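Everything below concerns the one structure shown next.
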Amino acid sequence: MPMSGSAENPKKIETSEGGAIPKKDDIGLFTAWRVTFIGAISIIAALVYFKPEPYLAILKFLPDGIYVTFKVTIASIFLSLVFGLIAGLGRISQNIFINGIASLYVEVIRGIPLLVQLFYIYFALGKFVQLPAELCAIIAMSICYGAYMAEIFRAGIDAIPKGQTEAARSLGMTSSQTTKHVILPQAIKTILPPVGNEFIALLKDSSLVSILAVSDLLRRGREYASESFDYFETYTMVALIYLVITLILSKLVAIMEDKISDDG
Amino acid sequence: MTMDSKTLVHIENVSKFYGELKALDSVSLDIHDGETVVIIGPSGSGKSTLLRSINQLETIDAGKIIIDGVDIYDEATNINTVREEVGMVFQSFNVFPHKTVMENLNLAQTVVRKRTVEEATGISKKLLEKVGIFEKAGQYPGKLSGGQQQRVAIARALAMTPKVMLFDEPTSALDPEMIGEVLDVMTKLAKEGMTMVVVTHEMGFAREVADRIIFMDHGAIVEQGTPDEFFDHTENDRAKLFLSQIL
């Protein structure tokens, strides 16, 4: 939406975590997204049609894994948004104690690889509490991605002109009323594209949880391949399915962005 | 306005430092109910800092500010309650871009004053009519000119039914052709008896509307008086120099 005077919107941060998110003005028939999406679907269809053995068998074996991948991804997205928002607000808090904890969380978690965090929560902390693998996977992914999202939230909130806060506070609004009614609704617009990228990255990183005996898409593929020895065929199918899911998610993110930037 | 009317804002020996720099140097000032006080002075003279300390957007290092009997730097004082009574208009408008004009006016009324949406909308409609932008109620601020946005900001502050209005260079960010429409609204307000403290470079407005002119330099009040006394008969050298540069 157009703005004037000092209330200018900061420029959007343009990076992509994969999935070639189509831009609004990209209306050509052969966008990268369409070519990849239709290509991937066609290859899957062709393989299954022309070589049902083993491709159809593989395709029938994988849906359980797809379901688990979705479950882990969606749960982690919601939880990491919650962690990210809390930590992001903590990072801009004037309270030294809250700010310190939030900063420590962000710095520590971003400095440790996700795979190590998964091992740590499942195996190392397993010494004290043994939680189900799937739950451990969701916790580890949420904590990890929450730290990255916290930085996006912080940057998005920082980008709102100080005058907005001053105007709200001078009307007698409290700090939390200002955040809720004035700052966050505006920050969402700048935050959404990078957060959408994190969703896609999270979806792809969810394949790491297969290492914890969580039967996600990759794990199911491994199970099939190790019994049938059809490694090439199985992992080709797994890769194509990941590609299709990633592309669908990136499309959803793009639609969501359009919707939000159209509102006012 | 009579000088013996009630003191609404009492500023006593207020000082503020930015490191070594003395932004406010023991400033004392009383603003009476219904009075329009215009603060002028060269840039960096501390006039905006003084104005912003009245609703605690700037904190002070020494002194006292009492608004309608409430010591705003007392630890027991809830500053949010004080700010409900003190409207502020900024140089950069600071209207909420994600809300329509009507929503801009209704937000604090419903959230802070706890009015119902119907009540708030009724008040907002009257104010939008008063500032002459009733037909823009459903628009987003991005579609409005600077002058219109500033009138929204004034109406938004008035919607809280404040006891005093602070204006921090309200026309400095405006294109010349829009300054008049904002000053007209402010003149109307002053005539209706609103208590106003205005920091401005608009000398025409100061001369015509102000009950009292405060001239600040280097963080201190150097001279004050009626517009007539100040503009035509000041004996102060710094005030004379300032006037010769600006008029």
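Protein chains in written order, with the working numbering: chain E, 11 to 274; chain Y, 34 to 280. Just so it is clear, CB atoms sit at the ideal spot from N, CA and C, and this is done for glycine as well. As the structure is a computational prediction, the values presented were derived from the model and not from experiment.
- Under the three-state DSSP convention, the category Y/Leu62 falls into: strand
- Message: I want to see whether chain Y comes within less than 8 Å of E/Val205, judged by CB atoms only; does it?
- Response: no
- Report all residues from its chain with a CB closer than 7 Å to the CB of E/Ser271; omit the five preceding and five following residues, and keep chain order. Lys199
- Task: Consult DSSP for Y/Asp270 and reduce its assignment to one of helix, strand or coil.
- Result: helix
- Query: Are at least three pairs of beta-carbons, each pair with one atom in the segment 173–186 of chain Y and one in the segment 257–266 of chain E, less than 8 Å apart?
  - Reply: no
- Query: What separation, rounded to the nearest whole angstrom, lies between the Cα atoms of E/Arg229 and E/Thr46?
  - Reply: 25 Å
- Message: Taking only three categories from DSSP, how would you classify Y/His43?
- Response: strand
- Item | Short-range partners of chain E found in the segment 119–134 of chain Y, where Cβ spacing is below 8 Å | Val119, Gly120, Met121, Phe123, Ser125, Phe126, Asn127, Val128, Phe129, Pro130, His131, Lys132 and Thr133
- beta strand (DSSP E) containing Y/Glu256: first to last residue? Ala253 to Gly258
- What separation, rounded to the nearest whole angstrom, lies between the Cα atoms of E/Tyr115 and E/Ala97? 8 Å
- Query: Which residues bound the beta strand (DSSP E) around Y/Met229?
  - Reply: Thr228 to Val232
- Message: Assuming the contact rule is C-beta atoms closer than 8 Å, Y/Pro195 and Y/Glu118 should be a hit. Round their C-beta distance to whole Å, please.
- Response: 5 Å
- Under 8 Å between beta-carbons, which chain Y residues line up against E/Val126? List them in chain order, please. Those do not exist, as E/Val126 stays about 41 Å from chain Y at its closest Cβ, beyond 8 Å.
- Can the beta-carbon of Y/Met198 be found less than 8 Å from the beta-carbon of Y/Gln142? no
- Item | E/Arg120 vs E/Tyr158 beta-carbon contact at 8 Å | yes
- Reduced DSSP category for Y/Gly52 - H, G, I as helix; E, B as strand; rest coil: coil
- Given that a residue counts as buried once 16 or more other Cβ atoms are within 10 Å of its Cβ, and exposed if not, what is Y/Gly226? exposed
- Within-8 Å CB hit, Y/Arg116 to chain E: yes
- Query: Rounded C-beta distance between Y/Val144 and E/Gln187? I'm assuming under 8 Å.
  - Reply: 5 Å
- Task: Assign Y/Val128 to one of three DSSP states: helix, strand, or coil.
- Result: coil
- How long is the line joining the alpha carbons of Y/Leu207 and E/Met151, rounded to whole angstroms? 50 Å
- Item | Inter-residue spacing [alpha-carbon to alpha-carbon] between E/Leu156 and E/Ser216 | The residue you asked about is not Leu; residue 156 of chain E is Gly in the sequence shown. If I take the Cα positions, the gap works out to 14 Å.
- Query: Name the chain Y residues that come within less than 8 Å of E/Pro62, Cβ to Cβ?
  - Reply: Result: empty, since nearest Cβ-Cβ is about 54 Å, beyond 8 Å.
- Could you tell me whether the segment 228–241 of chain Y touches the segment 66–81 of chain Y, where touching means 3 or more Cβ pairs closer than 8 Å? yes
- Message: Can you tell me whether E/Met13 is helix, strand or coil according to DSSP?
- Response: Note that E/Met13 scores a pLDDT of 39, beneath 50, so its modelled location is shaky; the value from the coordinates is reported in the next line. Three-state DSSP puts E/Met13 in coil, outside helix and strand.
- Would Y/Ala186 pass as a contact of Y/Phe263 if the rule is Cβ separation under 8 Å? no
- Measuring alpha carbon to alpha carbon, tell me which of E/Glu117, E/Ser113, E/Gly110 and E/Cys154 ends up nearest E/Tyr130. E/Cys154
- Could you say which of E/Arg44, E/Gln104, E/Leu89 and E/Val82 lies nearest to E/Ser185 if we only look at CA atoms? E/Gln104
- So is E/Ile201 buried or exposed if we call it buried at 16+ other beta carbons inside 10 Å? buried
- Task: Measure the C-alpha to C-alpha separation of Y/Gly52 and Y/Lys273 and round it to an integer number of angstroms.
- Result: 30 Å
- Where Y/Met193 meets chain E, residues with beta-carbon distance less than 9 Å: Leu181 and Gly182
- Task: Give the DSSP-derived three-state secondary structure of Y/Leu57 in the structure shown.
- Result: strand
- Report yes or no: do the segment 80–95 of chain E and the segment 202–213 of chain E share at least 3 C-beta pairs separated by less than 8 Å? yes
- Using the DSSP secondary-structure output, state which residues sit across from Y/Leu199 in a beta bridge. Y/Met121 and Y/Val230
- Task: Evaluate the contact criterion for the segment 246–264 of chain Y versus the segment 91–103 of chain Y: three or more CB pairs, one atom per stretch, below 8 Å.
- Result: no
- Task: Quick one: grab the DSSP three-state call for Y/Phe167.
- Result: helix
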